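Heads up, the sequence shown is in numbering that gives the first Met the number 0, so the first residue is 0 and it goes up one at a time. Cβ coordinates follow ideal geometry from the N, Cα and C atoms, glycine included. Since the model is a prediction, treat every value here as computed from it, not as a measurement.
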Amino acid sequence: MKTTRRDFIKISAMGAGGVMLSASPLLAWVPSFLKLKDDRPDDSKAKKYPNFCEVCFWNCAGWVYMDKDNKIRKIIGNDNDPHCNGRFCPRGTGGVGMYYDEDRLKTPLKRITENAKQKFVKISWDEAINIIANNMKEIKNKHGAESIALFHHGSSGKHFVNLFKAYGSKNIAVPAYAQCKAPREEAFKLTFGHALHSPEPLDIRDTKCLVLIGSHLGENMHNGQVQEMAEAIDKDATIITVDPRFSTVASKSKFWLPIKPATDIALLLSWINVIIENEFYDKEYVEKNTFGFDQLKNHVKNFTPEWAYGITTIKPEIIRRTAKEMANASPAVIVHPGRHVTWYGDDTQRLRAVAILNALLGSWGRRGGFFNPEKAKLPKYPIPAFPKPKWTWKDIVPGSYPLASSGVTNMLIHASQPDFHGKNKIKAWFVVGTNLIATIPDIEKTIKAVQNMEFVVAVDTMPAEITGYADIVLPECTYLERYDNIRSAQHREPNIALRVPATEPRWESKPGWWMCKKISEKLGLEKYFDYKDFSEVIDWQLKKIGSSLEEMKKIGVKKIGRKYDDLFFNDNETHEFNTPTGKIELYSTKLEKLGFDAMPKYKKHPEPEDGYYRLIYGRTPAHTFSRTTNNPNLIDLKKENDLWINPKVAKDWNIKNGQKIWLQNHQGKISEFPIKVRVTERIRWDSVFMAHGFGRTDKRLKRGYGAGISDSEMISDVKIDRETGSTGMRSNFVTFLTELQT
Ligand code: SF4
Numbered sequence: 000m001k002t003t004r005r006d007f008i009k010i011s012a013m014g015a016g017g018v019m020l021s022a023s024p025l026l027a028w029v030p031s032f033l034k035l036k037d038d039r040p041d042d043s044k045a046k047k048y049p050n051f052c053e054v055c056f057w058n059c060a061g062w063v064y065m066d067k068d069n070k071i072r073k074i075i076g077n078d079n080d081p082h083c084n085g086r087f088c089p090r091g092t093g094g095v096g097m098y099y100d101e102d103r104l105k106t107p108l109k110r111i112t113e114n115a116k117q118k119f120v121k122i123s124w125d126e127a128i129n130i131i132a133n134n135m136k137e138i139k140n141k142h143g144a145e146s147i148a149l150f151h152h153g154s155s156g157k158h159f160v161n162l163f164k165a166y167g168s169k170n171i172a173v174p175a176y177a178q179c180k181a182p183r184e185e186a187f188k189l190t191f192g193h194a195l196h197s198p199e200p201l202d203i204r205d206t207k208c209l210v211l212i213g214s215h216l217g218e219n220m221h222n223g224q225v226q227e228m229a230e231a232i233d234k235d236a237t238i239i240t241v242d243p244r245f246s247t248v249a250s251k252s253k254f255w256l257p258i259k260p261a262t263d264i265a266l267l268l269s270w271i272n273v274i275i276e277n278e279f280y281d282k283e284y285v286e287k288n289t290f291g292f293d294q295l296k297n298h299v300k301n302f303t304p305e306w307a308y309g310i311t312t313i314k315p316e317i318i319r320r321t322a323k324e325m326a327n328a329s330p331a332v333i334v335h336p337g338r339h340v341t342w343y344g345d346d347t348q349r350l351r352a353v354a355i356l357n358a359l360l361g362s363w364g365r366r367g368g369f370f371n372p373e374k375a376k377l378p379k380y381p382i383p384a385f386p387k388p389k390w391t392w393k394d395i396v397p398g399s400y401p402l403a404s405s406g407v408t409n410m411l412i413h414a415s416q417p418d419f420h421g422k423n424k425i426k427a428w429f430v431v432g433t434n435l436i437a438t439i440p441d442i443e444k445t446i447k448a449v450q451n452m453e454f455v456v457a458v459d460t461m462p463a464e465i466t467g468y469a470d471i472v473l474p475e476c477t478y479l480e481r482y483d484n485i486r487s488a489q490h491r492e493p494n495i496a497l498r499v500p501a502t503e504p505r506w507e508s509k510p511g512w513w514m515c516k517k518i519s520e521k522l523g524l525e526k527y528f529d530y531k532d533f534s535e536v537i538d539w540q541l542k543k544i545g546s547s548l549e550e551m552k553k554i555g556v557k558k559i560g561r562k563y564d565d566l567f568f569n570d571n572e573t574h575e576f577n578t579p580t581g582k583i584e585l586y587s588t589k590l591e592k593l594g595f596d597a598m599p600k601y602k603k604h605p606e607p608e609d610g611y612y613r614l615i616y617g618r619t620p621a622h623t624f625s626r627t628t629n630n631p632n633l634i635d636l637k638k639e640n641d642l643w644i645n646p647k648v649a650k651d652w653n654i655k656n657g658q659k660i661w662l663q664n665h666q667g668k669i670s671e672f673p674i675k676v677r678v679t680e681r682i683r684w685d686s687v688f689m690a691h692g693f694g695r696t697d698k699r700l701k702r703g704y705g706a707g708i709s710d711s712e713m714i715s716d717v718k719i720d721r722e723t724g725s726t727g728m729r730s731n732f733v734t735f736l737t738e739l740q741t
């Protein structure tokens with residue numbers, strides 16, 4: 000077989016209508032981690048270290064307990080942490096498996112070609128750092144510093160961001176923006192003048208009505224939110240779940256609306272219609288705080304429940320009934336903005352409809368709705384100013400995606416293509432803690448781009464599909480073995496959390512900050528990493544705010560009182576919103592100015608042909624996407640994904656429960672592995688569902704390799720959101736292959 004400049008190297012080569020339900024008792028459902036405190040070691044005898052979990056972005060703070068042989072024994076939540084309230088989810092507890100996983104990357108690796116075959120060989124850290132620094136110098140001389148892009152995810156990415164800015168490139172992107180939350184962040188900014196950030200400022204514990212649209216809280220295990228939802232249900236809050244799939248939370252909801260996929264905007268517009276026409280909205284709030292009510296009223300006047308029924312398949316009486324439930328709870332109602340909201344390419348407009356609905360119900364700034372979060376301000380460790388790059392991702396296709404406020408991953412991949420003829424090209428990649436091949440839709444485009452790069456570095460704890468395409472692979476130690484920046488996240492009360500290493504890094508793995516410092520020394524940029532150990536930076540910052548590393552090692556989490564007493568609006572005061580009109584914009588003046596729809600409109604999306612079904616993907620509680628699908632502890636909870644198929648469809652195809660089948664998408668792409676079928680009434684007949692992150696293709700992942708199908712592999716038809724550039728990933732249809740033709 001002919002080898003391309005950059006072949007993938009398997010590292011192993013080197014070594015129904017709308018339903019009202021009766022909610023079942025909460026305690027029957029809430030995972031045990033929410034009900035019980037774990038069997039904690041005796042604190043007086045145990046050696047324990049503070050940390051915050053890196054298994055998902057929620058970053059719950061906890062304690063890492065060591066046994067008498069100085070081995071990590073367990074991780075448990077920190078009682079004082081508002082992200083987890085002392086309780087870790089199963090994934091967080093299973094985080095120990097990341098440390099013990101024998102499949103981890105152990106040494107730096109270099110790609111070489113031997114006898115016309117590419118492979119990785121082990122190299123020393125010195126050699127790896129020298130190769131990286133020399134390539135960075137050469138690329139800067141040839142094409143400019145801006146031609147290297149950084150893709151990153153997770154805490155250690157921040158060190159690489161500093162390295163890149165010091166080097167002269169701001170071509171930096173996190174998939175968590177354009178592949179996840181960009182539409183909601185920008186839609187809420189357009190409407191209320193503020194993005195939501197993480198954790199979202201939702202007062203779920205005091206809400207009386209929670210509306211979940213395609214958001215399966217509980218299966219996604221966003222710890223603090225799941226706990227608050229349990230509390231709200233205990234206090235008789237109404238849960239309304241809109242989902243083509245009868246998710247776990249749908250089974251605990253008062254209403255399940257099994258909507259026809261791709262029609263959510265029609266339902267939202269119809270709810271707005273009912274709320275305005277019946278004067279269910281919060282009149283005083285709307286009059287005082289919003290802009291564009293009359294335009295909105297006129298805009299939605301024809302979007303009746305009867306109109307929406309023909310589109311969504313949700314019965315008019317259910318649309319009216321659920322709108323009334325929301326109104327009854329107002330303002331203690333939350334139409335959840337969701338995460339991973341990149342679906343059909345009109346996502347900013349859909350999230351605008353969500354924001355508008357919340358505004359009409361008066362929930363922004365109100366108890367039981369959205370609170371005003373605060374975050375602890377940490378002083379910046381003094382470093383020189385960064386150089387100004389000559390161009391950034393915004394100049395790749397000037398004028399496109401005008402609302403994108405953070406690097407757009409797919410834009411950088413676009414500028415990395417061999418047939419990209421723009422003047423600002425990407426020539427090299429640094430990929431840190433994100434498996435781009437499994438994360439970014441249209442895998443073939445990503446592979447074409449990575450093969451076109453002059454130089455690729457991948458930094459990770461585990462072998463992943465992307466590391467197989469790197470020239471240099473750097474083994475990062477896990478979050479249990481390193482210092483990182485202090486966690487300072489927004490919440491009701493500002494708080495900080497500390498991460499310290501509980502043990503030495505295994506094998507030859509190193510922390511991200513160490514790698515950046517070493518590379519910076521070779522590039523003459525050491526003034527940006529002016530410390531011997533990252534703990535010095537943390538201690539300096541903590542002392543500036545009246546704490547210290549010593550104190551934080553004892554407590555792990557520190558709450559810092561709010562500066563202002565404004566968790567909720569004072570209804571007697573007038574509020575200025577950070578929008579062009581200073582009001583909550585039901586009619587967006589900014590969207591109008593940019594030539595987009597100022598108010599959301601429903602547009603019909605393509606539908607599957609006969610024999611094809613819409614592919615819906617989501618989470619499973621035991622895993623955080625591909626990050627954990629090789630974790631020895633979590634694989635015991637769920638080894639592979641399965642494909643949910645409606646019994647009617649299974650009968651048509653004569654497919655049995657448990658049978659393994661392959662998928663082919665509407666563009667002809669066939670899955671590499673088969674998937675086990677789960678025949679269930681819990682999915683509409685026009686859709687199929689699978690959990691994301693499985694079907695790993697790197698053989699070195701002994702447990703994850705070939706376990707199920709990667710949904711990303713099936714997503715080749717990507718609809719781009721015109722406002723933010725984010726990638727709509729619910730536009731693919733699949734059919735079934737019961738056997739593979741050879
Ligand atoms: S929600 Fe679970 S996986 Fe995520 S940070 Fe918290 S404990 Fe870790």
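Report task. Please state if the CB of residue 213 and the CB of residue 242 are separated by a distance shorter than 8 Å. Result -> yes
Query - residue 60, DSSP secondary structure in three states - result: strand
Query raised in the report: Can you tell which of 390, 626 and 652 has the C-alpha that lies nearest to the C-alpha of residue 735?
Result: 652
**Report entry** Cβ-Cβ distance between residue 751 and residue 148 below 8 Å
**Finding:** With the chain covering 0 to 741 only, the question about residue 751 has no answer from this structure.
Report task. With DSSP as the reference, label residue 195 as helix, strand or coil. Result -> Annotated three-state conformation of residue 195 is coil, per DSSP.
Report task. Please name the residue, chosen from 449, 161 and 338, that lies closest to residue 511 on a Cα-to-Cα basis. Result -> 161
Query raised in the report: Quick one: what does DSSP say residue 208 is sitting in, helix, strand or coil?
Result: strand
Query raised in the report: Is residue 615 closer than 8 Å to residue 670 when the C-beta atoms are compared?
Result: no
Report task. Return yes when the C-beta of residue 221 is under 7 Å from any heavy atom of the ligand SF4, and no when it is not. Result -> In this structure, the C-beta of residue 221 approaches the ligand SF4 to less than 7 Å from one of its heavy atoms.
Requested in this report: Give the range of the alpha helix (DSSP H) segment to which residue 516 is assigned.
Outcome: 511-521
Requested in this report: Work out the CA separation of residue 612 and residue 316 for me, nearest whole Å.
Outcome: 28 Å
Query raised in the report: From the DSSP output, which residues share a beta bridge with residue 490?
Result: Answer is 373.
Requested in this report: Tell me where the beta strand (DSSP E) around residue 616 begins and ends.
Outcome: Counting along the chain, the beta strand (DSSP E) containing residue 616 begins and ends at 612-617.
Report task. Taking only the alpha-carbon atoms, compute the straight-line gap between residue 588 and residue 395 and give it to the nearest angstrom. Result -> 26 Å
Query raised in the report: Where does the unbroken alpha helix (DSSP H) through residue 161 begin, and where does it stop?
Result: 156-166
Query raised in the report: Does the ligand SF4 have a heavy atom nearer than 7 Å to the CB of residue 54?
Result: Yes - the ligand SF4 has a heavy atom lying nearer than 7 Å to the Cβ of residue 54.
Report task. Just the C-alpha distance for residue 640 and residue 82, rounded to the nearest angstrom, thanks. Result -> 28 Å
Query raised in the report: Is residue 407 helix, strand or coil by DSSP?
Result: coil
Query raised in the report: Do residue 220 and residue 88 have their C-beta atoms within less than 8 Å of each other?
Result: yes
Query - Unbroken beta strand (DSSP E) run spanning residue 288, endpoints - result: Where residue 288 is concerned, there is no enclosing beta strand (DSSP E), although the alpha helix (DSSP H) it sits in stretches over 282-288.
Query raised in the report: Taking C-alpha atoms, which residue in 229, 386, 75 and 192 lies nearest to residue 251?
Result: Looking at the Cα atoms, 229 is the closest of the given residues.
Query raised in the report: Taking the continuous alpha helix (DSSP H) assigned at residue 711, which residues delimit it?
Result: 710-713
Query raised in the report: Between residue 362 and residue 132, what straight-line distance do the alpha-carbon atoms span, to the nearest angstrom?
Result: The alpha-carbon atoms of residue 362 and residue 132 are separated by roughly 52 Å.
Query raised in the report: Pairing CB atoms from the stretch 346-365 with CB atoms from the stretch 459-469, are three or more of them under 8 Å?
Result: Judged by Cβ distances under 8 Å, the stretch 346-365 makes no contact with the stretch 459-469, as fewer than three pairs qualify.
Requested in this report: For my contact list, residue 629 and residue 102 are in at a C-beta cut-off of 8 Å; report their separation, rounded to the angstrom.
Outcome: Indeed they touch by this definition, with Cβ atoms about 6 Å apart.
Query raised in the report: For residue 403 versus residue 617, is the C-beta distance shorter than 8 Å?
Result: no
Query - Buried versus exposed, by CB contacts within 10 Å (16 or more), residue 563 - result: By the neighbour-count definition (other C-beta atoms within 10 Å, threshold 16), residue 563 is an exposed residue.
Query raised in the report: Can you tell me whether DSSP reads residue 142 as helix, strand or coil?
Result: Residue 142 falls in the helix class under three-state DSSP.
Query raised in the report: Is residue 381 helix, strand or coil by DSSP?
Result: Residue 381 falls in the coil class under three-state DSSP.
Report task. Taking 8 Å as the cut-off, decide whether the C-beta atoms of residue 236 and residue 207 are in contact. Result -> yes
Query raised in the report: With 16 as the cutoff for other CB atoms within 10 Å, does residue 570 come out buried or exposed?
Result: exposed
Requested in this report: Give me the Cα-Cα distance between residue 440 and residue 496, rounded to the nearest whole angstrom.
Outcome: 34 Å
**Report entry** 3-residue-minimum beta strand (DSSP E) runs that sit fully inside the stretch 511-588, ordered along the chain
**Finding:** 556-558
Query raised in the report: Which word fits residue 141, buried or exposed, when buried means at least 16 other C-beta atoms lie within 10 angstroms of its C-beta?
Result: exposed
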